[in-house]
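Written below as structure tokens is the structure these notes are about.
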Amino acid sequence: MPEETEIVNYLFRRLYQLGIRSIHGVPGDFNLVALDYLDPVGLNWVGNCSELNAGYAADGYARINGISAVITTFGVGELSAVPAVRPMGHLAPTPHALCTMEVDYIKTFELTIAGRQIAGSYSERVSVVHIVGVPSTKAERHGIPLHHTFADGDFSVFRNISKNISQVSVILDDVKSAGKEIDRVLRALPTDMVLSKIPAQGLDTPIDLTLPPNDTNSEAKAVESIMKALYASNNAIILVDVGAMRYRVLKEVQEFIDRSQLPVFLTPMSRGAINEASPHFVGVYIGDVSRPEIQQAVQSADLIFSIGALNTDFNSGGFTNSTKPKHTIELQPDCIKIGYATYLDVGMKSVLQRLLDSVDFRNFSQDPQGVIVKTKIPQNIDQQMEFTALSSQEITQKWFWSHIGDWLQEDDVVIAEIGTPSFGIMDTRFPKGVTAITQMLWGSIGFSVGACQGAALAITESGRPSRRVILFVGDGSFQLTGNEVSTMIRYGLKPIIIVINNDGYTTERMIHGPEMSYNDIQPWKYRRFFKAFGAKKGEYKNYVVKTRTEFRNIFKPGNEFSKANVIQMVELFMPKMDVPHGLYSTMEALTKFYAKL
Numbered sequence: 004m005p006e007e008t009e010i011v012n013y014l015f016r017r018l019y020q021l022g023i024r025s026i027h028g029v030p031g032d033f034n035l036v037a038l039d040y041l042d043p044v045g046l047n048w049v050g051n052c053s054e055l056n057a058g059y060a061a062d063g064y065a066r067i068n069g070i071s072a073v074i075t076t077f078g079v080g081e082l083s084a085v086p087a088v089r090p091m092g093h094l095a096p097t098p099h100a101l102c103t104m105e106v107d108y109i110k111t112f113e114l115t116i117a118g119r120q121i122a123g124s125y126s127e128r129v130s131v132v133h134i135v136g137v138p139s140t141k142a143e144r145h146g147i148p149l150h151h152t153f154a155d156g157d158f159s160v161f162r163n164i165s166k167n168i169s170q171v172s173v174i175l176d177d178v179k180s181a182g183k184e185i186d187r188v189l190r191a192l193p194t195d196m197v198l199s200k201i202p203a204q205g206l207d208t209p210i211d212l213t214l215p216p217n218d219t220n221s222e223a224k225a226v227e228s229i230m231k232a233l234y235a236s237n238n239a240i241i242l243v244d245v246g247a248m249r250y251r252v253l254k255e256v257q258e259f260i261d262r263s264q265l266p267v268f269l270t271p272m273s274r275g276a277i278n279e280a281s282p283h284f285v286g287v288y289i290g291d292v293s294r295p296e297i298q299q300a301v302q303s304a305d306l307i308f309s310i311g312a313l314n315t316d317f318n319s320g321g322f323t324n325s326t327k328p329k330h331t332i333e334l335q336p337d338c339i340k341i342g343y344a345t346y347l348d349v350g351m352k353s354v355l356q357r358l359l360d361s362v363d364f365r366n367f368s369q370d371p372q373g374v375i376v377k378t379k380i381p382q383n384i385d386q387q388m389e390f391t392a393l394s395s396q397e398i399t400q401k402w403f404w405s406h407i408g409d410w411l412q413e414d415d416v417v418i419a420e421i422g423t424p425s426f427g428i429m430d431t432r433f434p435k436g437v438t439a440i441t442q443m444l445w446g447s448i449g450f451s452v453g454a455c456q457g458a459a460l461a462i463t464e465s466g467r468p469s470r471r472v473i474l475f476v477g478d479g480s481f482q483l484t485g486n487e488v489s490t491m492i493r494y495g496l497k498p499i500i501i502v503i504n505n506d507g508y509t510t511e512r513m514i515h516g517p518e519m520s521y522n523d524i525q526p527w528k529y530r531r532f533f534k535a536f537g538a539k540k541g542e543y544k545n546y547v548v549k550t551r552t553e554f555r556n557i558f559k560p561g562n563e564f565s566k567a568n569v570i571q572m573v574e575l576f577m578p579k580m581d582v583p584h585g586l587y588s589t590m591e592a593l594t595k596f597y598a599k600l
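Using our numbering, read the sequence shown as starting at 4 and increasing by one per residue.
In structure tokens form, the structure reads like this:
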């Protein structure tokens, strides 16, 4: 390594060191010089169909790889990505954030490097670095009325748009501090700074990704209190939420489940966090939206061991979850709550490891199978609502989601668009090793198509290309970002895309205006997409499914379709006004909740 290197080279090498191998984005005049440096570093450029799609794709890539990056240009590019892109900064957990104000949870991350991050990813705790190529420092200093500006000399307007949704950001306009700033925050790169030289020796030292140590005394007291509570309980359960996934404690959580043999529940946002084929997994807890036996099992527990909880509307069944603090141990990335006591500066990863080392799991007094036996959870869920009288051959939400689980296989990556897919799949039992991707909190429709591209790319780079990537997306959502199928074809990706054709915005119809024209969409020829985007004969397959018999013929484990050797699309027809029970009940609960405010 020479003594000095270009800022852009330093930046890209840092991204490579963090495990990133592909960069998503759209080229623009203010980032072109920087893009020249991707290939020499070993980074693959993924040119997306739009900045919005690039942001969604980077989100999907990060959910598989752990971190990703997206590059856009100044003004028009970064604003096009705003629905998907949002700044973020220093990623060590903010002290006391979770214990003083729950909303501050979205400002804490495990990594120590970041920049401008996907808004949905930021909301959903996914680490995505956004790099913006901006005009030269001289142009900004002199207020030159450049394109991609408002011609008023104010170059700060776009970063100010993001100011109130940021933690930390920086403009790399000082060669003396650029290296340190890159290691602190990756955000924007002015065109005249790209090739400026900075000391290169920092690249010899890996970025420190270790978590700050817990306060020793507080951790010891917390662990002791947790052990006493566990030993004293007669009917304890484990409730795993999204924080366990985002803060990377799944290995410790799964070991705790296996050794304790306690009944375990997930939330909608934590699907795929643990082995759902385990005999200790009971089901998905969504407050009052849950089936009665799930509600009873959770709400009758004398101790809830909660890991990474996030109490949001869709994740809690419209704020109907009943986990009383008195009976709850709550583990968060920067504090532990035991009943009404809070231990600050104590993170859950170290605490979980201490518990695994210290707890005598033979000392639990409860019957570990008791809750599971009492709940009598069926493998195929058949307790959802139908909203129209339908023939036995028509595929309803109820029927589809209760049967698709039989076709899924170990280690699948399942992506469910917000709306009917994300709520319907709540009651689908996953095989071991399934990774689930949805966007229950941010809820940006069209997210799943870009995320599918990013996830599929990350899988090909992971050394496990045999993992299937399966996308469930409604026809309305697909029309927002369906052009990203072009990028999938370009890079030889082979997801299975299941477009649920229910003739428009069904979720919106359920909320308001079921017969109004604003919930209608133009019918598309979805099965012509591959050919229109340049896929060659033999590189793709299309299917149409309108009946349950056709479903059974195609979704058959072990057949050619299930092998996923080429990119495939299934246009699957469902009734226009049919919605999953979970979606209907959540909206009903939220209506009651807001009526009380």
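Glycine included, each C-beta is placed from N, C-alpha and C at the ideal position. Note that this is a predicted model, so its numbers are computed, not measured.
The beta carbons of Ile23 and Ala57 sit no closer together than 8 Å. Closest option to Ser395, judged by alpha-carbon separation, among Glu413, Thr552 and Pro202: Thr552. Along the length of the stretch 505-580, whole alpha helix (DSSP H) runs at least 4 residues long occupy 509-514, 532-535, 551-557 and 563-566, reported in chain order.
Every alpha helix (DSSP H) of 4 residues or more that sits fully in the stretch 392-459 is shown, in chain order, as 400-406 and 423-427. By the criterion of a C-beta distance shorter than 6 Å, Ile501 is surrounded in its chain by Phe475, Val573 and Leu575, once the five residues flanking it on both sides are discounted. With contacts defined as CB atoms closer than 8 Å, Val349 and Ile341 fail to qualify as a contacting pair. If you compare the alpha carbons of His584, Lys599, Ala598 and Leu600 with that of Ser293, the shortest gap goes to His584. Three or more Cβ pairs closer than 8 Å define a contact, and the stretch 218-236 falls short of that threshold against the stretch 248-256. Counting other Cβ atoms within 10 Å of its Cβ, Tyr40 reaches 16 or more and is therefore classed as buried.
Here Asn217 is buried. Its C-beta has 16 or more other C-beta atoms within 10 Å.
Pairing Phe433 with Leu411 gives a Cβ-Cβ distance under 8 Å. For Tyr508 and Gly479, the gap between their C-alpha atoms comes out near 5 Å. Pairing Pro424 with Ile503 gives a Cβ-Cβ distance under 8 Å. Taken through DSSP and simplified to helix, strand or coil, Val354 comes out as helix. Just so you know, the alpha carbons of Gln571 and Asn237 end up roughly 50 Å apart.
Spatial neighbours of Thr589 in its own chain (CB-CB distance under 8 Å, excluding positions within 5 residues in sequence) are listed in chain order as Ile289, Val292, Asp316, Phe317, Gly320, Gly321 and Phe426. For the set Val285, Trp445 and Asp177, the Cα lying nearest the Cα of Pro266 is the one of Val285. It is roughly 37 Å from the alpha-carbon of Phe532 to the alpha-carbon of Glu591. The continuous beta strand (DSSP E) containing Gly477 extends over residues Val472 to Gly477.
Taking 8 Å as the cut-off, the Cβ atoms of Met513 and Val582 count as close. Taking Tyr64 as reference, the option from Asp305, Ile418, Lys599 and Leu313 with the minimal CA-CA separation is Ile418. A residue is called buried once 16 or more other Cβ atoms fall within 10 Å of its Cβ, and Met519, having fewer, is exposed. Per DSSP, Ile260 is one residue of the alpha helix (DSSP H) stretching across Leu253 to Ser263. Less than 8 Å separates the beta-carbon of Gly449 from that of Leu483. DSSP, read as helix, strand or coil, puts Val226 in helix.
Residue pairing for Ser71: DSSP places it in a beta bridge opposite Val131. Residue Lys528 holds the alpha-carbon nearest to the alpha-carbon of Asp506 among Ser489, Lys528 and Ser53. Straight-line measurement puts the Cα of Phe268 at about 34 Å from the Cα of Asn568. In chain order, Ala459 place their CB closer than 6 Å to the CB of Leu496, counting only its own chain and leaving out the 5 sequence neighbours on each side. In this structure, the alpha-carbon of Ser325 lies about 16 Å from that of Tyr343. The beta carbon of Gly311 lies closer than 8 Å to those of Val243, Asp244, Val245, Gly246, Ala247, Met248, Arg249, Tyr250, Val252, Ser273, Leu334, Gln335, Pro336 and Met351 in the same chain, with the five residues before and after it left out. In the structure shown, Gly485 falls within a helical segment according to DSSP collapsed to helix, strand and coil. In the displayed model, Pro5 falls within coil according to three-state DSSP, outside both helix and strand. Less than 8 Å divides the Cβ of Ala232 from the Cβ of Ile332.
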